[in-house]
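Below is one structure, written out as structure tokens; the observations come after it.
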Amino acid sequence: MLGPVILAASRSDKMRRFVSAAPGTKQVVDRFIAGETVDQVIKIVRDSADKGLEVTLDVVGEDITTPEQAAAARDAYLELIGHLADLGLGTGAEMSVKLSMFGQSLQDGHELALANVRPVVEAAAAIGTTVTLDAEDHTTLDSMFAIHEELRKDFPQTGCVIQSYLFRTEEDARRLAAAGSRVRLVKGAYKEPASVAYQDKAEIDKAYVRILKTLMHGEGYPMIGSHDPRLIAIGQELARQAGRKLDEYEFQMLYGIRSDEHLRLAAEGHRMRVYTAYGTDWYGYFMRRLAEKPANLLFFARSVVTK
Ligand code: FDA
Numbered sequence: 559m560l561g562p563v564i565l566a567a568s569r570s571d572k573m574r575r576f577v578s579a580a581p582g583t584k585q586v587v588d589r590f591i592a593g594e595t596v597d598q599v600i601k602i603v604r605d606s607a608d609k610g611l612e613v614t615l616d617v618v619g620e621d622i623t624t625p626e627q628a629a630a631a632r633d634a635y636l637e638l639i640g641h642l643a644d645l646g647l648g649t650g651a652e653m654s655v656k657l658s659m660f661g662q663s664l665q666d667g668h669e670l671a672l673a674n675v676r677p678v679v680e681a682a683a684a685i686g687t688t689v690t691l692d693a694e695d696h697t698t699l700d701s702m703f704a705i706h707e708e709l710r711k712d713f714p715q716t717g718c719v720i721q722s723y724l725f726r727t728e729e730d731a732r733r734l735a736a737a738g739s740r741v742r743l744v745k746g747a748y749k750e751p752a753s754v755a756y757q758d759k760a761e762i763d764k765a766y767v768r769i770l771k772t773l774m775h776g777e778g779y780p781m782i783g784s785h786d787p788r789l790i791a792i793g794q795e796l797a798r799q800a801g802r803k804l805d806e807y808e809f810q811m812l813y814g815i816r817s818d819e820h821l822r823l824a825a826e827g828h829r830m831r832v833y834t835a836y837g838t839d840w841y842g843y844f845m846r847r848l849a850e851k852p853a854n855l856l857f858f859a860r861s862v863v864t865k
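Residue numbers (the numbering used here): 559 to 865.
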């Protein structure tokens, strides 16, 4: 019940101002956001590597309103990749990007987002790593998949995300389960209407299993993005049935969520990648994490009241 309300608030400027200024917010934000600066996130990359974990790094931000902001987002990723290169941390650290942050919703946004993301993908490839295009709300996905296809002509290892709550995704998965593709499957984190998406949790989970089966039996590289213990166990079983070795798929989870599980899967020999978000424009990312688990909202409310 609360989830859709919080997701609606995630697009409100008034709420953004209120939440950002509330005392106690920072304490809760810190659970999900790895820091505000490149130096802070580099420390997390090193700590993760020491624990046998890989990362995918997200410079938080989305829904920008000017081409200058889109260029700044591109430059923030280029700066990050430059630091990783200088420190020899290229492998094991991938990038995740939201095309809305690269200008996708502005005038001529498709071309602008492609022009801004390409140098990031090039720079990542030059240090031996890659970029995954996050999936945002359903109105952006045709453009995202077209940009993904375009980038893959020169950088075939570029990944993308698909969301099991959308009716379209089973067909997208069949198309994407081709040789060399890298596809992260998640349940989906946006407020979507019943005309395009399952609303019932059990339906979303069943679709997740069907889609994962397609990916596992396909020729690409499936990335299982979930904290759900049932889906993780099913993912392991589907990989076994498809005859995949441990390095032919991976698990992915978000920084700050079920951290013990990150370590358990890595200790079992699985490739475990932690989606590590950092930066100052954390509001949209943070609100989606609150919406996923009402207990987070209670924790947040308590920390605001007791400050
Ligand atoms: P579910 O929500 O059922 O959670 C299972 C269990 O995990 C919960 O019972 C709880 O213990 C724990 N948990 C989950 N979320 C939590 C939270 N916020 N706080 C505390 N505990 C929590 N979405 C999208 O639309 N586009 C994208 O590009 C991505 N990218 C992405 C990358 C990665 C690596 C992950 C793991 C997830 C995403 N997502 C995403 C988010 C995804 O769509 C989904 O909203 C969350 O992963 C929550 O769904 P689960 O599969 O974890 O199951």
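Quick reminder that beta carbons are idealized off the backbone N, C-alpha and C, glycines included.
_Assigned secondary structure, residue 726 (DSSP; H/G/I helix, E/B strand, else coil)_ = DSSP places residue 726 in coil when its eight states are reduced to three.
_Buried or exposed, going by whether 16 or more other CB atoms sit within 10 Å of the CB of residue 604?_
exposed
_What residue range does the beta strand (DSSP E) around residue 654 cover?_
651-655
*Taking 8 Å as the threshold, find out whether the stretch 639-655 comes into contact with the stretch 817-828 through three or more Cβ pairs.*
As far as the Cβ criterion goes, the stretch 639-655 does not touch the stretch 817-828, which means the pair count is below three.
*Between residue 633 and residue 799, what straight-line distance do the alpha-carbon atoms span, to the nearest angstrom?*
43 Å
*Leaving out the 5 sequence neighbours to the left and right, which residues in its chain are closer than 6 Å to residue 652 when beta-carbon positions are compared?*
Only 614, 687 and 688 meet the Cβ criterion.
*Smallest Cα separation from residue 753: which of 696, 777, 818 and 741?*
696
*Quick one: complete alpha helix (DSSP H) runs, 4+ long, within the stretch 755-826?*
759-775, 787-799 and 817-825
*Taking the alpha carbon of residue 785 as the point to measure from, which residue in 765, 818 and 760 has its own alpha carbon closest?*
818
*Expressed to the nearest angstrom, what Euclidean distance is found between the alpha-carbon atoms of residue 625 and residue 635?*
16 Å
*In angstroms, rounded to a whole number, what distance separates the CA positions of residue 860 and residue 791?*
34 Å
*Which word fits residue 671, buried or exposed, when buried means at least 16 other C-beta atoms lie within 10 angstroms of its C-beta?*
buried
*Where do the N-terminal and C-terminal ends of the alpha helix (DSSP H) with residue 598 fall, by residue?*
596-608
*Is there at least one non-hydrogen atom of ligand 1 closer than 6 Å to the beta-carbon of residue 745?*
Using a cutoff of 6 Å, the CB of residue 745 counts as near ligand 1, since one of the ligand's heavy atoms is closer than that.
*Quick one: using the 10 Å Cβ neighbour count with 16 as the cut-off for buried, is residue 684 buried or exposed?*
exposed
*What residues in its chain sit with their C-beta under 8 Å from that of residue 637, if we drop five residues either side in the sequence?*
Excluding sequence neighbours, residue 637 sits near 596.
_Residues in the same chain with beta-carbon distance under 6 Å from residue 702, minus the five sequence neighbours each way, listed in chain order, please._
Around residue 702, the same chain offers 657 and 691 as residues with beta carbons nearer than 6 Å, after the five sequence neighbours per side are excluded.
*Is any heavy atom in ligand 1 found nearer than 6 Å to the beta carbon of residue 823?*
no
*With a threshold of 6 Å, establish whether the CB of residue 847 neighbours any heavy atom of ligand 1.*
yes
*Does any heavy atom of ligand 1 sit closer than 6 Å to the C-beta of residue 851?*
Indeed, a heavy atom of ligand 1 lies less than 6 Å from the Cβ.
*Terminal residues of the continuous beta strand (DSSP E) containing residue 537?*
What is shown of the chain runs 559 to 865, which leaves residue 537 out entirely.
*Whose C-beta lies closer than 8 Å to the C-beta of residue 834 among residues of the same chain, with five residues either side of it excluded?*
592, 599, 602, 603, 606, 613, 614, 615, 616 and 813
*Between residue 854 and the rest of its own chain, which residues show a CB-CB distance below 8 Å, the 5 nearest in sequence each way excluded?*
586, 847 and 848
_Would you say the beta carbon of residue 828 is closer than 6 Å to some non-hydrogen atom of ligand 1?_
no
*Could you check where the beta strand (DSSP E) with residue 616 kicks off and where it finishes?*
For residue 616, the uninterrupted beta strand (DSSP E) segment begins and ends at 612-617.
*In terms of residue numbering, what span does the beta strand (DSSP E) encompassing residue 835 cover?*
Secondary structure note for residue 835: its beta strand (DSSP E) is the uninterrupted segment 830-836.
*asked:* Less than 7 Å between the C-beta atoms of residue 841 and residue 574, yes or no?
replied: yes
*Evaluate residue 660 with the Cβ neighbour count: other Cβ atoms within 10 Å of its Cβ, from every protein chain shown; 16 or more gives buried, anything less gives exposed.*
buried
*asked:* Is residue 674 near ligand 1 - that is, is its Cβ less than 6 Å away from at least one heavy atom of it?
replied: no
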